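This report refers to the structure that appears directly beneath it.
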Amino acid sequence: MSITLTGATLFTPMQIIERGAIVTSDEGKITYVGPLEGAPRVPGPRLDLRRRIVAPGFMDIHVHGGHGITFGNLDSLAEDLAAYSRWIVTHGVTGFFCTLAAPDTATLLEMIASYVKLLERGGLPGAVPLGLHLEGPYLSLEKKGAFNP
């Protein structure tokens, strides 16, 4: 069913639109984003957002976890990934890259293999993991940051 969201402040890559509208198709695809006056009339509910802000979701390209969750525990990868996905979406993040830093190459390879299976399976409850970001095992001694090579 089509839905029209009206009365929002829309943040787009090009501009901020006061009194904006968003229209979706029956398939749930966004078909219009722009000023309310230009929105096509479609059958379906119209919801007044009362000047609330609508903005694109954030992408986090380097995250080790958060909210007590880390991406380094091999025994609870699936649970940790689902919990993080569910939590971080409430902060506006819609996609993220899990950053892995393993103590050794063998552990890192095991973590990568486990995450590949989880990412291919999909079906997480919130934000979508977009891939992996690897820290190490090859680090510059001059730019090692907090790592202890």
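Using this note's numbering, the first residue of the sequence shown is number 1, and each one after it goes up by one. For each residue, glycine too, the CB sits at the ideal point set by N, CA and C. Owing to the predicted nature of the structure, the values given are computational and were not obtained by experimental measurement.
Host alpha helix (DSSP H) of residue i (start-end)
i           : result
residue 111 : 105-121
In DSSP terms, what residue i is bridged to
i           : result
residue 59  : 95
residue 8   : 20
residue 152 : In the structure displayed, the chain extends from 1 to 149; residue 152 sits before or after that span and is not available.
Segment limits, beta strand (DSSP E) that includes residue i
i           : result
residue 48  : 46-48
residue 35  : 30-35
residue 133 : 128-134
residue 52  : Note, residue 52: premise wrong, no beta strand (DSSP E); not H, not E.
residue 24  : 16-24
Per-residue DSSP class, three states only, for residue i
i           : result
residue 89  : helix
residue 38  : helix
residue 139 : coil
residue 102 : coil
Anticipated Cβ contact below 8 Å, residue i with residue j, distance rounded
i           : j           : result
residue 95  : residue 55  : Residue 95 to residue 55, Cβ: 14 Å. No contact.
residue 69  : residue 133 : Between residue 133 and residue 69 the Cβ distance is about 16 Å, and since that is not below 8 Å, they are no contact.
residue 57  : residue 93  : 7 Å
residue 47  : residue 3   : 7 Å
residue 100 : residue 72  : 7 Å
residue 20  : residue 9   : 7 Å
residue 118 : residue 141 : Not quite, the Cβ-Cβ distance comes to about 33 Å (not below 8 Å), so this is no contact.
residue 1   : residue 26  : 6 Å
Closer than 7 Å: residue i CB and nearest the ligand MN heavy atom
i           : result
residue 146 : Summarising the ligand content, the structure contains no ligands, and the ligand MN is consequently not present.
CB contact check: residue i to chain B, cutoff 8 Å
i           : result
residue 126 : No chain B is part of this structure, which consists of one protein chain only.
Between the segment 69-84 and the segment 109-117, do three or more beta carbon pairs fall short of 8 Å? yes
Counting Cβ pairs closer than 8 Å, one from the segment 39-49 and one from the segment 85-103, do we hit at least three?
no
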